[in-house]
Amino acid sequence: MFAGSEIALIVGAAILLFGADKVPKLARGFGQAKKEFMVGQAEADVAAERARADARAQAEANVANATVAVQPQTVNGIVVGAPSTPSEPAAPPN
Numbered sequence: 004m005f006a007g008s009e010i011a012l013i014v015g016a017a018i019l020l021f022g023a024d025k026v027p028k029l030a031r032g033f034g035q036a037k038k039e040f041m042v043g044q045a046e047a048d049v050a051a052e053r054a055r056a057d058a059r060a061q062a063e064a065n066v067a068n069a070t071v072a073v074q075p076q077t078v079n080g081i082v083v084g085a086p087s088t089p090s091e092p093a094a095p096p097n
């Protein structure tokens, strides 16, 4: 990504701007900030995965608890809307 001369130029500019005693402190601060960011990102990933698992479990529970209730209706004495299965053919009207 960076060539050796580019890194040396950046380090030289940092020494001129901040002084030789401040550069190690700045580097240490950047390292600690990066570490804290990575820890926070890992915690957020764990929380997001836990939320996805909870949502998935809730959706599966909702599907398992869902029942389809069909209320048969009668029109002129004929049952309309009743579910029929292949093993039980619908009765012919009287």
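Those letters in the sequence shown? Residues 4 to 97, by my numbering. Glycine included, C-beta positions come from ideal geometry on N, C-alpha and C.
Item, Value
"Beta-carbon spacing of valine 26, isoleucine 13 below 8 angstroms", "no"
"Alanine 6 versus glycine 15 - alpha carbon distance", "14 angstroms"
"Where the alpha helix (DSSP H) through alanine 11 begins and ends", "7 to 21"
"C-alpha distance - asparagine 68 paired with arginine 59, whole-angstrom precision", "14 angstroms"
"Straight-line Cα distance separating valine 49 from alanine 32", "For the record, residue 32 in the displayed sequence is glycine; it is not alanine. Whole-angstrom Cα-Cα distance: 26 angstroms."
"Integer Cβ distance of phenylalanine 21 from leucine 29, believed to fall under 8 angstroms", "6 angstroms"
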